[in-house]
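**Student:** If you read the sequence shown in our numbering, its first letter stands for residue 44, the second for the next number, and so on.
Glycine is no exception: its CB is placed at the ideal position from the N, C-alpha and C atoms.
Note that the structure is predicted; figures quoted are calculated from it, not measured.
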Amino acid sequence: MGTKILLATANRGKIKEIKDILEGLDLDIVTLDDYPGLSLPPEDGSTFRENALIKARGAASKTGVAVLADDSGLEVDFLGGLPGIRSARYAGTGASDKENWLKLLKELEGVPEEKRRARFRCALALVWPDGEEEVFEGSLDGVILGEPRGGHGFGYDPVFFIPGMGKTAAELTPNEKNSVSHRAKALEKLKNRLENRYKKS
Ligand code: ITT
Numbered sequence: 044m045g046t047k048i049l050l051a052t053a054n055r056g057k058i059k060e061i062k063d064i065l066e067g068l069d070l071d072i073v074t075l076d077d078y079p080g081l082s083l084p085p086e087d088g089s090t091f092r093e094n095a096l097i098k099a100r101g102a103a104s105k106t107g108v109a110v111l112a113d114d115s116g117l118e119v120d121f122l123g124g125l126p127g128i129r130s131a132r133y134a135g136t137g138a139s140d141k142e143n144w145l146k147l148l149k150e151l152e153g154v155p156e157e158k159r160r161a162r163f164r165c166a167l168a169l170v171w172p173d174g175e176e177e178v179f180e181g182s183l184d185g186v187i188l189g190e191p192r193g194g195h196g197f198g199y200d201p202v203f204f205i206p207g208m209g210k211t212a213a214e215l216t217p218n219e220k221n222s223v224s225h226r227a228k229a230l231e232k233l234k235n236r237l238e239n240r241y242k243k244s
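1) Among the residues of its own chain, which have a CB less than 7 Å from the CB of ALA95, if the five just before and after it don't count?
2) Check PHE203 in the structure and name its three-state DSSP category.
3) Whole angstroms are fine: how far does the CA of GLY153 sit from the CA of ALA227?
4) What do you reckon, are the CB atoms on LEU148 and VAL110 nearer than 7 Å?
5) May I ask you to list the residues that DSSP assigns as paired with GLU180?
6) For a test of the three-state rule: what should DSSP assign to ARG226, helix, strand or coil?
7) When DSSP labels each residue in this structure, what does GLY209 get in the three-state scheme?
8) Please return the same chain residues whose Cβ sits closer than 7 Å to the Cβ of PRO83, not counting the five positions on each side in sequence.
9) In whole angstroms, what is the alpha-carbon distance linking LEU215 and ARG192?
10) Going by beta carbon distance, what residues of the same chain come within less than 8 Å of LEU81, once the five residues before and after it are set aside?
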């Protein structure tokens, strides 16, 4: 059994992507399902990085195991970077993915394509039981469409068009999304770090 790492996220979409990408490493990946009753602290930071660290530190201090937390979201240029760190609750606390992207489409109604540039961003915080902390980041550029397309993925994927792929993130297969996504890029950096860490010891 490899090093135990707790994924401190309640988002099933994130869990699947992270597990798929880290598959093959000598890690014993557990989730919050294995720690019933463990709640994450409020995300009151002002950046993805800060919020990822808040979640990872909170879970690490309560469990004593290594914790990986993901804070991510969508930045739309026309909206000055919104929904940003508010992406999960853009249409209100507890809003569904669909309610969130419907609100986004409404905010962008009538805005021409060249002004609909956006990017997904992901910050992954890894906090070790000895208190060591590391953050890995990745981003993916795209354009917000006027209507949803595709049934894969989660969150804003159906309205996020990736010009280089000619598809929305929800039209990509899970493997395709995991070869280009903001989360995949951050996880690639994390993987390199883990490989080096274990080489040294
Ligand atoms: P945890 O805090 O428990 O991890 P969460 O969903 O609340 O789960 P965030 O605060 O990081 O997580 O919010 C991220 C939101 O950004 C997420 O709910 C999606 O709406 C959006 N998002 C992040 N990554 C995405 C992706 O790969 N595709 C589509 N939308 C994404």
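**Tutor:** Walking through what the data contain:
1) What you label residue 95 is simply residue 52 of the sequence shown in a count that begins at 1. Answer for ALA95: ALA112, ASP113, ASP114, ALA166, LEU167, ALA168 and VAL178, listed in chain order.
2) Numbered from its first residue, the sequence shown carries residue 203 at position 160. Three-state result, PHE203: strand.
3) The count along the sequence shown starts at 1 and reaches residue 227 at position 184. The count along the sequence shown starts at 1 and reaches residue 153 at position 110. If I take the Cα positions, the gap works out to 32 Å.
4) In the sequence shown, counting from the first residue as 1, residue 148 sits at position 105. In the sequence shown, counting from the first residue as 1, residue 110 sits at position 67. If you check the CB distance, LEU148 and VAL110 do not come in under 7 Å.
5) Here residue 180 refers to the residue found at position 137 of the sequence shown. Per DSSP, ALA166.
6) As a working mapping, residue 226 is identified with position 183 in the sequence shown. Three-state result, ARG226: helix.
7) As a working note, residue 209 is residue 166 in the sequence shown. The answer is coil: DSSP assigns GLY209 none of H, G, I, E or B.
8) Counted from its first residue, the sequence shown places residue 83 at position 40. According to the sequence shown, residue 83 is Leu rather than Pro. Within the same chain, LEU83 has close Cβ partners ALA51, LYS98, GLY101 and ALA102.
9) Looking up residue 215 in the sequence shown gives position 172. Looking up residue 192 in the sequence shown gives position 149. For LEU215 and ARG192, the distance between alpha carbons rounds to 10 Å.
10) By 1-based counting over the sequence shown, the position of residue 81 is 38. Only LEU75, ALA102, LYS105 and THR106 meet the Cβ criterion.
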